[in-house]
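S.K.: The sequence shown begins at 908 in the numbering used here and counts up by one.
Idealized CB from N, CA, C, for every residue including glycine.
Keep in mind it's a predicted model, so treat the numbers as computed, not measured.
I have a structure here, written as structure tokens, and I will follow up with some questions on it.
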Amino acid sequence: SALRDEPAGVLAHGQKQWLEIGMLLVQNASVLLLDEPVAGMSAEEREQTGNLLHRIGGERVVVVVEHDMDFMRSFATSVTVLAGGRVLSEGTVEQVQADPKV
908 SALRDEPAGV LAHGQKQWLE IGMLLVQNAS VLLLDEPVAG MSAEEREQTG NLLHRIGGER
968 VVVVVEHDMD FMRSFATSVT VLAGGRVLSE GTVEQVQADP KV
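And the structure:
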């Protein structure tokens, strides 16, 4: 890409997130744990990040801690809701949203 030779410090927030994900992929990690990967991103960056996570999720486990349910609705294949350190609900986004405990 055009940014390949740019120092990380000049990258936009979303680009830095993608760089960090790339650094995990280079290590050939089989499980990725990402904490709010789309926080502070534009709508376009959020969509690109969701597509990226969906694509790499076919080859490894991607665990995303995220409060943005619109993002999760668009890209998650399964959701686990925790409350007080315990599993409150698990399933598809639709199943979890329909659960009265949530």
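Could you give the first and the last residue of the continuous alpha helix (DSSP H) run that contains ASP977?
M.R.: ASP977 -> alpha helix (DSSP H) spans 976-982.
S.K.: Residues in its own chain within less than 7 Å of VAL988 by CB, not counting five upstream and five downstream?
M.R.: The answer, listed in chain order, is LEU995, SER996, VAL1003, VAL1009.
S.K.: Which residue's Cα is closest to the Cα of LEU939: ARG953, PRO1007, VAL969, ALA983?
M.R.: When each option's Cα is compared against that of LEU939, the closest is VAL969.
S.K.: Kindly indicate which residue of ARG953, ASP942, ARG967, LEU959 has the alpha-carbon position closest to the one of GLN934.
M.R.: Nearest C-alpha to GLN934: ARG967.
S.K.: DSSP three-state label for ALA990, please.
M.R.: If DSSP states are grouped into helix, strand and coil, ALA990 belongs with the strands.
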